[in-house]
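**Student:**
There are 2 protein chains.
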Amino acid sequence: MKDIILVLAPTKSQQIEAIKNIATDYEVLLQDELEEADAERVRIIYGWNNSDDFKALAATFSNLKWVQAISAGVDYIPDQIKTSNDIYVTNASGIHAIPISETVFAYILASNRNLFYSQIAQTKNEWDKPDPTSFKSLTGKSILVYGAGNIGEEIARLAKAFRMNTIGVNTSGKEREHFDQMFALEKSQGAISQADYIVNALPATELTNDLFDQSFFNEMKESALFINIGRGQAVDEEALKKALEEDKIAGAYLDVFKTEPLPADSPLWQLKNLLISPHITGVVEHFRDEIFPIFEENLVHFMQHHEPIRNIVESDKGY
Amino acid sequence: MKDIILVLAPTKSQQIEAIKNIATDYEVLLQDELEEADAERVRIIYGWNNSDDFKALAATFSNLKWVQAISAGVDYIPDQIKTSNDIYVTNASGIHAIPISETVFAYILASNRNLFYSQIAQTKNEWDKPDPTSFKSLTGKSILVYGAGNIGEEIARLAKAFRMNTIGVNTSGKEREHFDQMFALEKSQGAISQADYIVNALPATELTNDLFDQSFFNEMKESALFINIGRGQAVDEEALKKALEEDKIAGAYLDVFKTEPLPADSPLWQLKNLLISPHITGVVEHFRDEIFPIFEENLVHFMQHHEPIRNIVESDKGY
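Next up, the structure:
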């Protein structure tokens, strides 16, 4: 009986063929084609399924050697897989940097230029000119980005094109391209009050739980905007709600939440100066074409060396 | 009796003092301080007032030598002033390039990333994920910009930062920085169908009346967006309405209109896939500080040479 490659990611038929041509000794199955009796033969998973049913089934994959995730963050993959010394987890870090960065600037620019305000006025057929002092421009403004990986660097690169000052935060404080200044996380406190825009692009780890809390929002400029495109667990949502209600900060944009989907009765929905989107900043225009080369390169390597070659998640760090 | 400098532009008190220090032989008056009997002494106007009353009064300024406008386009200044060989008109070309360009990308990015869609879903407390195929990214896309002056060049500069192809149109077809290709207006027809985004940044002249008409919109890609941040008279609004209703193009953003304010009963307001804003893309964050140096430099020169030195509008071209 052949080992199985289980394909859960969106995949084109010619990509399935490519997998079969690379992994000639394997059986390639979609989720619908997998029966419980096959569980012990699953060796490789491309993609993931976050349902409880699948997670229970996956716990029986005793032969599992590698999961190729299709997201940058892999917090949703069970710890027993991520911390296993026998199982590789690889991520899709890199392909989401451009769409996420473009979405960050979509929010900042549309907010600065009052386009969300205009959209609402338009529904009422109203020629409603906002106060001229409410329009902002990016030249000379400062952006503080938590997380200076692929996403953070692309945000900083665009920020420089908009003639901004760029400040980055990572674990080491080590210099990264496109950042004028870098701070290690534990030494970054002083940067908060300098920033006009603050973006969380950190992966979810224990270090980032409720990192953005009441004392953080109190440090921010009253004119500043806060943006979370990392993970929901990093933000104390109650504290952010309070900061927005009390005008401690000018506005916020959340794409990720502690509970997703955000429940319909959440008080966040109706907060003024908060924009909510349903975890979509990373959506890639040609997703199946952009993610597949990462899996393909890893798969070729795996066939020869029994391990993937790129985007390997470090089991102790979780990213 | 001294000649008068009439100040209609928003001006700080220390800027008024600066004017008085430069133009010691002049009387400096705000509009409220001007009496009809003073009309013959008005020599210089800083700013403009587009009311019929003021235009009637201005027609009696027989001693008028120079109008410093605070906008890039000066179409609203009466022809008898613009075409007079005795009167200089200077504009504010340059200071609006950054806010206008930032607004163009605000619209493009927010549209591409479905943020206007998310804002509407949020009003209904709905976690409503748009179709993944509706998300766009800018890498490799083409932007076609009509008008390659300060505004067009700044749009192209940002477009290059977003890894786009840039195509420009001006009267001569002469190369301009940040544009990969340039066309003269009469030879630009072939570029229309190549573009994913089309921006009108042309000044209002006879050549541009209804330049963007039904045959133009028919040439556009069905997936393309049209943006007018130039002047309203360049767009055949009826033809654009038809193109949007019949999905000939994917969307449009208009900041300027044939009639402003856009009447409350205009059918444009409720068009889906059209964003309307009330002629605000050029609003400068620190307006009084950015416009004043242009006037100041011209005023210093005028005191010595009886003419301004920069941003002089050519009376035959109107820009």
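Just so you know, the sequences run in chain order A and B. Per the numbering used here, the first sequence starts with residue -14, numbered consecutively. Per the numbering used here, the second sequence starts with residue -14, numbered consecutively. Even glycine gets a Cβ: it sits at the ideal position worked out from N, Cα and C.
#1: From Ala82(A) to Glu299(B), what does the alpha carbon distance come to, in whole angstroms?
#2: Report yes if the C-beta distance between Gly369(B) and Gly175(B) is below 8 Å; otherwise report no.
#3: Under 8 Å, with one C-beta from each stretch per pair, do the stretch 93 to 108 of chain A and the stretch 131 to 151 of chain B reach the 3-pair mark?
#4: Count the other CB atoms, across all protein chains shown, that sit within 10 Å of the CB of Ile105(B); report buried if there are 16 or more and exposed otherwise.
#5: Quick check: the Cα distance between Ala144(B) and Ile85(B), rounded to an integer number of angstroms?
#6: Which chain B residues sit within Cβ distance under 7 Å of Ile261(A)?
#7: From the DSSP secondary-structure annotation, give me the bridge partner or partners of Leu(-9)(B).
#8: Pull out every residue of the stretch 58 to 88 of chain A whose Cβ sits closer than 9 Å to any Cβ of chain B, in chain order.
#9: Strictly by DSSP, which residues pair up with Asn150(A)?
#10: Looking at the strands, I want to know which residues DSSP matches up with Leu210(A).
#11: How many Å lie between Lys40(A) and Lys206(B) at the Cα?
#12: Output yes or no for whether 8 Å exceeds the beta carbon distance between Val241(B) and Asn213(B).
#13: Here's the rule: buried if 16 or more other CB atoms are within 10 angstroms of the residue's CB, otherwise exposed. What is Leu284(A)?
#14: Would you call Tyr238(B) buried or exposed, if buried means 16 or more other Cβ atoms sit within 10 Å of its Cβ?
#15: Check the Cβ of Ala308(B) against every Cβ in chain A and list those closer than 9 Å, keeping chain order.
#16: Beta-carbon within less than 7 Å of Asp198(A)'s beta-carbon, same chain only, minus the 5 sequence neighbours each way: which residues are those?
#17: Comparing the C-beta of Leu100(B) with each C-beta of chain A, is any distance below 8 Å?
#18: Under 8 Å between C-beta atoms, does Ile265(A) make it to chain B?
#19: Could you tell me whether the Cβ atoms of Arg331(B) and Gln0(B) are closer together than 8 Å?
#20: Taking the alpha-carbon of Ala44(B) as reference, which of Glu25(B), His271(B), Ser208(B) has the nearest alpha-carbon?
#21: Thinking just about the alpha-carbon of each residue, which of Leu187(A), Asn48(A), Glu139(A), Ala189(A) is nearest to the one in His291(A)?
#22: Using CA atoms only, rank isn't needed, just tell me which of Tyr73(B), Met(-14)(B), Thr151(B) is closest to Ala180(B).
#23: Does the Cβ of Asn99(A) have 16 or more other Cβ atoms within 10 Å, making it buried, or fewer, making it exposed?
#24: With C-beta atoms as the reference, is Ala(-6)(A) less than 8 Å away from Tyr31(A)?
#25: Starting from Gln53(A), follow the beta strand (DSSP E) in both directions and report where the run begins and ends.
#26: Give me the Cα-Cα distance between Met167(B) and Asp165(A), rounded to the nearest whole angstrom.
#27: For Asp113(B) and chain A, any beta-carbon pair shorter than 8 Å?
#28: Looking at the C-beta of Ser122(B), does it have a partner C-beta in chain A at a distance below 8 Å?
#29: Less than 8 Å separating the beta-carbons of Ser157(A) and Ala141(A)?
#30: Strictly below 8 Å CB to CB, what residues from chain A border Asn97(B)?
#31: Helix, strand or coil: how does DSSP classify Gln255(B) here?
#32: Rounding to the nearest angstrom, what Cα-Cα distance links Asp(-13)(A) and Lys159(A) in this structure?
#33: If we count Cβ pairs, one from each stretch, closer than 8 Å, do we get three or more for the stretch 58 to 72 of chain B versus the stretch 63 to 75 of chain A?
#34: Less than 8 Å separating the beta-carbons of Gly215(B) and Pro188(B)?
#35: Counting along the chain, where does the alpha helix (DSSP H) carrying Met288(A) start and finish?
#36: Secondary structure at Val74(B), three-state DSSP: helix, strand or coil?
**Tutor:** On the basis of the supplied data:
#1: Taking the straight line joining both Cα atoms gives about 46 Å.
#2: The first residue shown for chain B is -14 and the last is 304, placing residue 369(B) beyond what the model contains.
#3: Judged by Cβ distances under 8 Å, the stretch 93 to 108 of chain A makes no contact with the stretch 131 to 151 of chain B, as fewer than three pairs qualify.
#4: Ile105(B) is classed as exposed because its beta carbon has fewer than 16 other beta carbons within 10 Å across all chains shown.
#5: Counting only the Cα atoms, Ile85(B) lies some 13 Å from Ala144(B).
#6: Those within 7 Å of Ile261(A) in chain B are Ser103, Gln107.
#7: Residue pairing for Leu(-9)(B): DSSP places it in a beta bridge opposite Leu14(B), Ile30(B).
#8: For the stretch 58 to 88 of chain A, residues whose beta-carbon sits nearer than 9 Å to a beta-carbon of chain B comprise Ile83, Pro84, Glu87, Thr88.
#9: DSSP output for Asn150(A) lists Ser127(A) as bridge partner(s).
#10: According to DSSP, Leu210(A) bridges with Tyr182(A), Gly236(A).
#11: Rounded to whole angstroms, Lys40(A) to Lys206(B) spans 44 Å at the Cα level.
#12: In contact: Val241(B) and Asn213(B) (Cβ atoms closer than 8 Å).
#13: Counting Cβ neighbours within 10 Å, Leu284(A) comes out buried, since at least 16 surround it.
#14: Per the 10 Å Cβ criterion, buried.
#15: Absent from the structure is residue 308(B), since the part of chain B shown begins at -14 and ends at 304.
#16: Here Asp198(A) has Asp221, Ala224 as same chain residues with Cβ atoms under 7 Å from its own Cβ, once five neighbours each way along the sequence are excluded.
#17: Cβ-Cβ to chain A under 8 Å: yes for Leu100(B).
#18: Closer than 8 Å to the CB of Ile265(A) there is at least one CB belonging to chain B.
#19: Any question about residue 331(B) goes unanswered here, given that chain B covers just -14 to 304.
#20: Checked all of Glu25(B), His271(B), Ser208(B); the closest Cα to Ala44(B) is Glu25(B).
#21: It is Asn48(A).
#22: When only C-alpha atoms are compared, the closest one is Thr151(B).
#23: Residue environment: Asn99(A) is assigned as buried (16 or more neighbouring CB atoms within 10 Å of its CB, all protein chains considered).
#24: The Cβ-Cβ distance between Ala(-6)(A) and Tyr31(A) falls below 8 Å.
#25: Here the beta strand (DSSP E) through Gln53(A) covers 51 to 53.
#26: C-alpha separation (whole angstroms): 35 Å.
#27: Using a Cβ-Cβ cut-off of 8 Å, Asp113(B) counts as an interface residue toward chain A, since at least one Cβ of chain A sits closer than that to its own.
#28: At least one C-beta of chain A is nearer than 8 Å to the C-beta of Ser122(B).
#29: At least 8 Å separates the beta-carbon of Ser157(A) from that of Ala141(A).
#30: Within chain A, the residues near Asn97(B) are Glu87, Ala91.
#31: Here Gln255(B) sits in coil by DSSP.
#32: Before going further, note that residue -13(A) is Lys rather than Asp in the sequence given. Rounded to whole angstroms, Lys(-13)(A) to Lys159(A) spans 46 Å at the Cα level.
#33: The stretch 58 to 72 of chain B is not in contact with the stretch 63 to 75 of chain A.
#34: The beta carbons of Gly215(B) and Pro188(B) sit closer together than 8 Å.
#35: In the DSSP assignment, Met288(A) falls within the alpha helix (DSSP H) that extends over 272 to 290.
#36: Collapsing the DSSP output to three states places Val74(B) in a strand.
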